[in-house]
Amino acid sequence: MALDNYRKKRRFAVTPEPRGRKRPGSGHHYAMHKHAARRLHYDLRLELDGVMKSWAVTRGPSLDPGEKRLAVAVEDHPVEYNSFEGTIPAGEYGGGTVMIWDRGRWLPEGDPHKGLAKGHLAFELDGEKLRGRWHLVRLRERDRHENWLLIKGDDAQARGPDDNDILQEQPFSVVTGRSIEEIAAGKGDRKGKAGLAQHPYSRSADTSSIGGRTQREKAAGRHAWRRGATT
Ligand code: MN
Numbered sequence: 000m001a002l003d004n005y006r007k008k009r010r011f012a013v014t015p016e017p018r019g020r021k022r023p024g025s026g027h028h029y030a031m032h033k034h035a036a037r038r039l040h041y042d043l044r045l046e047l048d049g050v051m052k053s054w055a056v057t058r059g060p061s062l063d064p065g066e067k068r069l070a071v072a073v074e075d076h077p078v079e080y081n082s083f084e085g086t087i088p089a090g091e092y093g094g095g096t097v098m099i100w101d102r103g104r105w106l107p108e109g110d111p112h113k114g115l116a117k118g119h120l121a122f123e124l125d126g127e128k129l130r131g132r133w134h135l136v137r138l139r140e141r142d143r144h145e146n147w148l149l150i151k152g153d154d155a156q157a158r159g160p161d162d163n164d165i166l167q168e169q170p171f172s173v174v175t176g177r178s179i180e181e182i183a184a185g186k187g188d189r190k191g192k193a194g195l196a197q198h199p200y201s202r203s204a205d206t207s208s209i210g211g212r213t214q215r216e217k218a219a220g221r222h223a224w225r226r227g228a229t230t
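Numbering (numbering that gives the first Met the number 0), first residue to last: 0 to 230.
Here's what the structure looks like:
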């Protein structure tokens, strides 16, 4: 079964992660988790056949089409995982803090099963932070992991090498507005209690978030830009 690996790696009496189950139907949820484990990374998740196909993007996504980011295929996750934000206890699989960095929908170009089989998945993201065309391109197999590259398509959402890094510009949870440190400390939801319960498709009703960016993120972006401009 598709979630066997996911379940085998976790002790659900200890971790707050959902046990989850395979979902009927064919939804197109998309999520990107920011995961401060032994090494900070980002987990790309695309719903296919009732589960979330998942890749650990070691350096996170880039909006620069010239930046190819290593994306290691990992075990399928349940769709319920898209709503998970919290801390996995130290010593457990993936121990560390997990943030919902982005979420929304994805749209494959062509048959995604064929794309995955041939090692080139072209798709569109409709998230709150990541949008437009993207590519996952498989490298040769190494060990039991499949290494892919995550590459931004060259479109209106693309940025150049000298533009702001979206990871610096928009570092907070798209659902609760919290930083990794605030999630780790168990701080409250900055966007109000409804945040985590919101339907994944719904846009945030938070008035401090304009165009998907919070005031804090805009401030962070300005700082990042200033740093970039002075160094
Ligand atoms: Mn991870």
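Heads up, the beta-carbon is just placed ideally off N, CA and C, and yes, glycines get one too. These figures come from a predicted structure and were not determined experimentally.
| query | result |
| --- | --- |
| Below-7 Å beta-carbon distance, H32 vs any chain B residue | Annotation note: the requested chain B is absent from the structure, which comprises a single protein chain. |
| Three-pair Cβ contact test at 8 Å for the region 117-126 versus the region 63-76 | no |
| Cβ pair P64, D153 closer than 7 Å | yes |
| Backbone CA spacing between D161 and G24 [nearest angstrom] | 42 Å |
| Proximity of V56 and L149 at Cβ, strictly below 7 Å | yes |
| Classification of R18 by the beta-carbon crowding that lies within 10 angstroms, buried from 16 upward | exposed |
| Residue from D125, K151, Y92, L106 with nearest C-alpha to A12 | Y92 |
| H76: CB within 6 Å of a non-hydrogen atom of the ligand MN | no |
| Run of the alpha helix (DSSP H) containing P111, from where it starts to where it stops | 111-117 |
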